[in-house]
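K.L.:
For reference, the structure I am asking about is given below.
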Amino acid sequence: MNDKLDLAKKIKQKREYVLRKVEPQIRRQMKAIPNRFRDDVEQEVRIKLFQSIDKVKFENTPTIFEFIKNNQKRRK
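Written out as structure tokens, the structure is:
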């Protein structure tokens, strides 16, 4: 049970980090949206962003050296 709680905390932290990074860009882009649609579009953007974040698995990301080694094997 503790593992699930830790995982939930990590996901929340990951979401918050990414949202803080892209929030200024989201706000700038919302200026191009008519006022009556702005809240809905902004909410949809955040939902899609969270769905994308949840799909990314950072734990299985290879190091740069593993990546280079794997690419060299594929080219041969």
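For the sequence shown, my numbering begins at 4 and goes up steadily by one. Glycine is no exception: its CB is placed at the ideal position from the N, C-alpha and C atoms.
(1) Pull up the distance between the alpha-carbon of E69 and that of Q75, whole angstroms please.
(2) Short check: CB of E45 to CB of M33, under 7 Å?
(3) With the cut-off set at 7 Å, would you say I36 and V48 are in Cβ contact?
(4) Span of the alpha helix (DSSP H) holding I50?
P.N.:
Considering the structure as presented:
(1) 10 Å
(2) yes
(3) no
(4) 38-58
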